[in-house]
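Residue numbers (the numbering used here): 474 to 710.
As structure tokens, then:
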């Protein structure tokens with residue numbers, strides 16, 4: 474388990490990058506598959522921990538969740554079988570996204586704070602139950618919207634504008650089928666993989682909009698000190 478050990482030693486991004494580069498080959502190599510699955514599970518264990526920390530600490534800072542009951546919804550019983558059925562219908566999910574659904578569940582940090590100066594903090598949301606994903610797939614399939622050049626994208630979050638109730642663009646999504654370890658998040662300005670999107674989100678205490686959107690660095694509202702302190706409490710991915 475050399476990849477996992479090096480990850481635990483602090484080589485977080487390097488180990489993910491190395492195994493992402495393998496593509497889908499990890500599925501046909503028993504030893505490599507064990508390494509990849511272990512890495513994904515340890516990473517999503519940390520994601521689960523971080524979400525729990527944010528769920529408890531953000532209200533202490535005066536943040537009001539828009540959907541308190543949906544801030545963190547634990548994975549339901551039978552989720553793995555549900556995902557198996559989903560993959561048979563829409564194609565293989567990248568392992569990172571699948572393990573997120575299996576170990577973390579659903580997350581919705583949308584809300585507001587009276588004193589934060591950023592209008593579009595882009596709070597972390599990953600909320601896509603299998604039945605919702607399949608219904609979106611069925612609709613697009615029936616409408617003839619899916620082609621080899623326009624494959625189905627698993628919609629896991631509204632865009633940064635919809636998160637503050639402003640009409641915006643399409644949801645953040647990941648194209649499938651994708652048999653690799655991770656997948657590119659489509660629709661988000663960071664243009665990065667799902668796991669790195671989570672990494673960025675936690676660096677900004679659950680609000681990746683502070684990293685870029687919609688200002689230049691010299692125009693962006695100051696990141697609140699309380700959020701900076703909170704981000705330091707989170708486990709690195």
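For each residue, glycine too, the CB sits at the ideal point set by N, CA and C.
Cβ neighbour criterion (16 or more within 10 Å) applied to residue 493: Here residue 493 refers to the residue found at position 20 of the chain shown. Counting other Cβ atoms within 10 Å of its Cβ, residue 493 reaches 16 or more and is therefore classed as buried.
Rounding to the nearest angstrom, what Cα-Cα distance links residue 702 and residue 521 in this structure? As a position in the chain shown, residue 702 is number 229, starting the count at 1. As a position in the chain shown, residue 521 is number 48, starting the count at 1. Roughly 19 angstroms separates the two Cα atoms.
What did DSSP end up calling residue 680 once you bin it into helix, strand or coil? On the chain shown, position 207 is the one that residue 680 refers to. It is coil, neither helix nor strand.
Taking 8 angstroms as the cut-off, decide whether the C-beta atoms of residue 563 and residue 637 are in contact. Here the question's residue 563 lines up with position 90 in the chain shown. Here the question's residue 637 lines up with position 164 in the chain shown. Contact: no.
Beta carbon of residue 569, beta carbon of residue 513: below 8 angstroms? What you label residue 569 is simply residue 96 of the chain shown in a count that begins at 1. What you label residue 513 is simply residue 40 of the chain shown in a count that begins at 1. Yes, Cβ-Cβ distance for residue 569 and residue 513 is below 8 angstroms.
Can you tell me whether residue 666 is helix, strand or coil according to DSSP? For the purposes of this step, residue 666 is identified with residue 193 of the chain shown, where counting begins at 1. DSSP places residue 666 in strand when its eight states are reduced to three.
Quick check on the burial criterion: 16 or more other C-beta atoms within 10 angstroms. Buried or exposed for residue 651? Within the chain shown, the letter at position 178 stands for residue 651. Sixteen is the threshold: when 16 or more other Cβ atoms of the shown chains lie within 10 Å of the Cβ of residue 651, as they do, the residue is buried.
Threshold first: 3 residues or longer. Then list the beta strand (DSSP E) segments lying entirely within the region 628 to 654, N to C. Runs of the beta strand (DSSP E) lying entirely within the region 628 to 654, each at least 3 residues long, are 645 to 648 in chain order.
What are the partner residues of residue 626, as DSSP defines its beta bridges? Here residue 626 is taken as the residue at index 153 of the chain shown, counted from 1. 648.
Who are the Cβ neighbours of residue 488 in its own chain at under 7 angstroms, not counting the five residues just before and after it? Looking up residue 488 in the chain shown gives position 15. Excluding sequence neighbours, residue 488 sits near 476, 479, 480, 512.
Just mark residue 614 as buried or exposed, buried being the case when its beta carbon has 16 or more other beta carbons within 10 Å. Locating residue 614 in the chain shown gives position 141, counting from the first residue. Using a 10 angstroms sphere on the CB of residue 614, the tally of other CB atoms stays under 16, which defines it as exposed.
Report yes if the CB atom of residue 527 is closer than 8 angstroms to the CB atom of residue 679, and no otherwise. Position 54 of the chain shown, counting from 1, holds the residue named residue 527. Position 206 of the chain shown, counting from 1, holds the residue named residue 679. Yes, these two residues count as a Cβ contact at 8 angstroms.
Going by the beta-carbon positions, is the gap between residue 696 and residue 683 smaller than 8 angstroms? Working through the chain shown from its first residue, we reach residue 696 at position 223. Working through the chain shown from its first residue, we reach residue 683 at position 210. Yes. Within cutoff.
Measuring only the C-alpha atoms, how far is residue 584 from residue 617? In the chain shown, the residue the question calls residue 584 occupies position 111. In the chain shown, the residue the question calls residue 617 occupies position 144. Spanning the alpha carbons of residue 584 and residue 617 requires a straight line of approximately 36 angstroms.
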